[in-house]
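Colleague: Dropping a structure here in structure tokens format, bear with me for questions.
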Amino acid sequence: MVPGNPLLKIAVLDDYQNAAFSSADWSVLEGKAIVTIFHDHAALADDVVARLQPYDVVCVMRERTPLTREIIERLPHLRLIASTGLGNASIDLNAAAERNIEVIHTGYRATATVELTWALILASARNLAAEHAFLRAGGWQLSVGDELAGRTLGILGLGKIGSAVARIGNAFGMQVIAWSENLTAARAAEADASLVSKDELFQRSDIVTIHLVLSGRSLGLVGARELGLMKPTARLVNTSRGPIVVEADLIHALQAGKIAGAALDVFEQEPLPIGHPFRSLPNVLATPHIGYVARDLYARFYQDTVANILTWIDRRNTA
5 MVPGNPLLKI AVLDDYQNAA FSSADWSVLE GKAIVTIFHD HAALADDVVA RLQPYDVVCV
65 MRERTPLTRE IIERLPHLRL IASTGLGNAS IDLNAAAERN IEVIHTGYRA TATVELTWAL
125 ILASARNLAA EHAFLRAGGW QLSVGDELAG RTLGILGLGK IGSAVARIGN AFGMQVIAWS
185 ENLTAARAAE ADASLVSKDE LFQRSDIVTI HLVLSGRSLG LVGARELGLM KPTARLVNTS
245 RGPIVVEADL IHALQAGKIA GAALDVFEQE PLPIGHPFRS LPNVLATPHI GYVARDLYAR
305 FYQDTVANIL TWIDRRNTA
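Position one of the sequence shown corresponds to residue 5 (our numbering), numbered consecutively onward.
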């Protein structure tokens with residue numbers, strides 16, 4: 005630090021698993037900053053502001069704590085937002101720029117999300133959560149599961165994650181079809197998938213898995229109409245973003261048995277409220293947004309965050 009300057013104050017938010025310090029070497033910031041780690045989640049804007057008032061630097065894990073204009077404008081000391089991932093739609097970049105607050109990001113790879121997608125598909129198809137619970141309770145063989153070979157896998161969004169999911173679907177012997185607004189037949193063929201219309205995808209698929217970026221075009225893309233096209237034996241999988249699916253419509257479809265089930269890692273509101281139907285519906289397999297929660301990726305996130313902050317501090321001190 006420049007002589008006479010106080011130590012910077014850094015807040016690391018939403019470290020649910022107490023993994024931040026073990027995933028990176030924060031000691032390189034000693035003598036330059038004081039780091040405070042928060043393991044719980046503050047949901048209300050007033051609580052977030054009260055917590056972050058003293059801090060110069062705020063480190064956010066993906067979209068766990070949104071930094072909205074309302075929040076940013078009430079943090080007079082904030083100078084740097086360090087976010088994990090290549091981008092973070094829950095940060096108001098315009099509000100940050102107006103306050104001369106720099107926003108920096110880390111590297112990312114999609115392996116963990118691809119793997120969790122298939123964990124959810126397999127667990128849902130074979131009813132693993134219920135079988136496990138029944139076994140622990142003293143039971144033995146509760147249900148009859150579904151094979152994947154020969155079934156149809158429908159992929160909404162054939163980018164890096166969707167393409168990787170498609171390759172694994174082919175390895176399982178599934179028929180892989182795909183749709184997104186700008187997807188071409190040639191691009192689909194590169195991922196060993198066949199381009200179909202959106203309606204055909206929902207009508208034909210035994211598994212529909214979502215791998216779209218949340219945007220104005222994808223918000224609410226899957227609603228009552230799309231769910232109504234699905235087979236009663238079909239399942240919906242979402243490891244992308246909750247608001248792509250109209251939550252109330254999905255709940256209704258599940259309660260009415262219009263589809264066989266859903267496997268969900270993302271939700272409209274996170275953390276998922278206590279008492280939410282997704283916590284109790286028997287045909288829902290739900291995980292708490294852990295698609296990217298893996299040791300290797302956490303190491304990348306936190307190591308890059310520390311390096312980014314250190315570079316920013318050194319640049320700031322030599323300016």
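Don't be surprised by glycine CBs; every beta carbon is placed ideally from N, CA and C.
Which partner residues does residue 239 have in the DSSP bridge list?
Modeller: The residue you call residue 239 lines up with position 235 of the sequence shown. According to DSSP, which records beta bridges pairwise, residue 239 is partnered with 211 and 265.
Colleague: Look up residue 13 in the DSSP assignment and say whether it is helix, strand or coil.
Modeller: Within the sequence shown, the letter at position 9 stands for residue 13. Residue 13 falls in the strand class under three-state DSSP.
Colleague: In the DSSP assignment, find the unbroken alpha helix (DSSP H) run with residue 257 in it and report its ends.
Modeller: Your numbering for residue 257 matches position 253 in the sequence shown. Taken as a continuous stretch (DSSP letters only), the alpha helix (DSSP H) holding residue 257 covers 251 to 259.
Colleague: Residue 5 to residue 105, Cα distance in whole Å?
Modeller: As a first step, residue 5 must be located in the sequence shown, where it is residue number 1. As a first step, residue 105 must be located in the sequence shown, where it is residue number 101. With a pLDDT of only 42 at residue 5, under 50, the local geometry of the prediction cannot be trusted, and no value is derived from it.
Colleague: Just mark residue 144 as buried or exposed, buried being the case when its beta carbon has 16 or more other beta carbons within 10 Å.
Modeller: As a first step, residue 144 is located in the sequence shown; it is residue number 140 there, counting from the start. It counts as exposed.
Colleague: Look up residue 40 in the DSSP assignment and give the residues it is bridged to.
Modeller: Residue numbering aside, residue 40 sits at position 36 when the sequence shown is read from its first letter. According to DSSP, residue 40 bridges with 15.
Colleague: To the nearest whole angstrom, what separates the beta carbons of residue 355 and residue 66, a pair I think is in contact under 8 Å?
Modeller: It is not possible to answer for residue 355, since the shown part of the chain is limited to 5 through 323.
Colleague: Going by DSSP, what residue range makes up the alpha helix (DSSP H) through residue 172?
Modeller: One-based indexing of the sequence shown puts residue 172 at position 168. Where residue 172 is concerned, the enclosing alpha helix (DSSP H) stretches over 164 to 175.
Colleague: State the CB to CB distance for the pair residue 72 and residue 46, rounded to an integer number of angstroms; the pair is presumed to be in contact (CB under 8 Å).
Modeller: For the purposes of this step, residue 72 is identified with residue 68 of the sequence shown, where counting begins at 1. For the purposes of this step, residue 46 is identified with residue 42 of the sequence shown, where counting begins at 1. Going by Cβ atoms, the distance from residue 72 to residue 46 rounds to 13 Å, so no, they are not a contact pair.
Colleague: Roughly how many angstroms separate the alpha carbons of residue 127 and residue 34, rounded to a whole number?
Modeller: On the sequence shown, residue 127 is found 123 positions in, with the first residue counted as 1. On the sequence shown, residue 34 is found 30 positions in, with the first residue counted as 1. For residue 127 and residue 34, the distance between alpha carbons rounds to 45 Å.
Colleague: Specify, as a first and last residue, the run of the beta strand (DSSP E) that residue 67 falls within.
Modeller: Counted from its first residue, the sequence shown places residue 67 at position 63. Where residue 67 is concerned, there is no enclosing beta strand (DSSP E), given that its DSSP letter is neither H nor E.
Colleague: Could you tell me if residue 148 is buried or exposed, where buried requires 16 or more neighbouring beta carbons within 10 angstroms of its beta carbon?
Modeller: Translated into positions along the sequence shown, residue 148 becomes position 144. Its Cβ having fewer than 16 others within 10 Å, residue 148 is exposed.
Colleague: Just mark residue 19 as buried or exposed, buried being the case when its beta carbon has 16 or more other beta carbons within 10 Å.
Modeller: As a first step, residue 19 is located in the sequence shown; it is residue number 15 there, counting from the start. The residue is buried, with at least 16 neighbouring Cβ atoms inside 10 Å.
Colleague: Hey, is the region 99 to 118 in contact with the region 296 to 308, meaning 3+ C-beta pairs nearer than 8 Å?
Modeller: Contact between the region 99 to 118 and the region 296 to 308 is present, because at least three Cβ pairs lie under 8 Å.
Colleague: So who's on the other strand from residue 289, going by DSSP bridges?
Modeller: Here residue 289 refers to the residue found at position 285 when the sequence shown is read from its first residue. Answer is 267, bridged to residue 289.
Colleague: Tell me, which residues are paired with residue 181 by DSSP?
Modeller: Position 177 of the sequence shown, counted from the start, is the residue given in the question as residue 181. In DSSP, residue 181 forms a bridge with 158 and 198.
Colleague: Take every Cβ of the region 264 to 281, pair it with every Cβ of the region 185 to 194, and state whether three or more of those distances are shorter than 8 Å.
Modeller: Judged by Cβ distances under 8 Å, the region 264 to 281 makes no contact with the region 185 to 194, as fewer than three pairs qualify.
Colleague: Going straight from the alpha carbon of residue 154 to that of residue 173, what length do you get?
Modeller: The residue given as residue 154 occupies position 150 in the sequence shown. The residue given as residue 173 occupies position 169 in the sequence shown. Using only the alpha carbons, I get a separation of about 10 Å.
Colleague: Residue 31 lies in the alpha helix (DSSP H); which residues open and close that run?
Modeller: For the purposes of this step, residue 31 is identified with residue 27 of the sequence shown, where counting begins at 1. Here residue 31 belongs to no alpha helix (DSSP H), and DSSP marks it neither H nor E.
Colleague: Just verifying my parser: in three-state terms, what is the DSSP assignment at residue 6?
Modeller: Here residue 6 is taken as the residue at index 2 of the sequence shown, counted from 1. Here residue 6 scores only 44 on pLDDT, less than 50, and its place in the model should not be relied on; the value that follows carries that caveat. Coil.
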